[in-house]
Amino acid sequence: MPLPAAALKLKRFRRRFGISAPRVVVRSHFPWQWLVLPAILLALLLGVAGWMVAQKKETGILGVEIESFRQQLQAQREELNLLRSTAGTGQSVASIERAAQQQLLTRIQGLEAENAALKEDILLFERLIPTAGEGASVRVENFRVFKESETRFRYRLLLAFQSDRQTPDFRGRLQIAISYADNGRVLQLVLPERRENSAEYQLEIKHFLRREGVFELPAGAVLRAVEARVLQGDTLKSKRLAQF
């Protein structure tokens, strides 16, 4: 028969480690820092995926523009061929009055000029399709100046903006700097000349923006150079000299 002290110790041992012992729950503990890194990586992946979708959408818009230009070019080629064949036949030349002939020739010349402009636009739009990884930028493209009379000139230009995730559009202003010679002096005219006329020179570009305008020089003045400048605040973002 066991001694009372030994029996008491045995009873306590069974209560602590035997079947009737209280249950012990084992829980894993992870430092909270381990959860932060996966969350950051997931957010970065979602951001990159969104940016890639936006770039793909912008490329699709440019593709539609290029296809539209190609269709216009084909339609104008067909009209131009028809007009050339009509103007070239002896029967039509004899039957059409001189004024109508002049209108026909003017239309042919206009179509030829539009054809050349459309070809330039197609090449330009293909070149401006955005490339992944490039930052936001604005450029002056296809800047030309035409002489309408002895003192009056017209300018045309295309502004192209490539966006990124941080800069979906561009806001700034256009400035036209004109250099000319008059009575032996070299002078400069900067448009807009007055603040009240500056509204039409404000720019808001998402992809492309065409602008044109006119300016006049004093009688006898000789045009030397025309430069288009794109500014954001007082910062020059892009510039280009015109062809004329």
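Add 1146 to the 1-based position in the sequence shown for our numbering, that's all there is to it. Positions of the beta carbon are idealized from the N, C-alpha and C atoms, including for glycine.
Tyrosine 1326: member of the beta strand (DSSP E) spanning 1316–1328, first to last residue. Per the DSSP secondary-structure output, phenylalanine 1307 pairs in a beta bridge with Val1284.
A check of alpha carbon separations from alanine 1259 across Leu1228, Phe1289 and Arg1223 identifies Arg1223 as the nearest. By the neighbour-count definition (other C-beta atoms within 10 Å, threshold 16), aspartate 1267 is a buried residue. Pairing leucine 1303 with alanine 1371, the inter-Cα distance amounts to about 15 Å.
Inclusion of arginine 1319 and leucine 1377 in the CB contact set at 9 Å is warranted, their separation being smaller than that value. A straight-line Cα-Cα distance of about 35 Å links arginine 1253 and serine 1344. By alpha-carbon distance to valine 1332, the top candidate from Tyr1301, Lys1265, Arg1298 and Pro1364 is Pro1364. Scanning its chain for C-beta atoms nearer than 6 Å, with the 5 sequence neighbours on each side dropped, one finds around phenylalanine 1354 the residues Ala1306, in chain order. Between the alpha carbons of serine 1214 and leucine 1257 lies a gap of roughly 17 Å. Pairing tyrosine 1301 with arginine 1386, the inter-Cα distance amounts to about 12 Å. Each residue's CA atom was taken as its position, placing arginine 1375 and glutamine 1248 some 39 Å apart. It is roughly 17 Å from the alpha-carbon of glutamate 1287 to the alpha-carbon of tyrosine 1347. For alanine 1263, the secondary structure class from DSSP, reduced to helix, strand or coil, is helix. Per the DSSP secondary-structure output, threonine 1381 pairs in a beta bridge with Gln1378. In this structure, DSSP gives glutamine 1312 a state outside helix and strand, which the three-state scheme calls coil.
Residue environment analysis places isoleucine 1324 among the buried positions, since at least 16 neighbouring C-beta atoms fall within 10 angstroms of its C-beta. When the Cα atoms are used, arginine 1311 and arginine 1357 turn out to be separated by approximately 26 Å.
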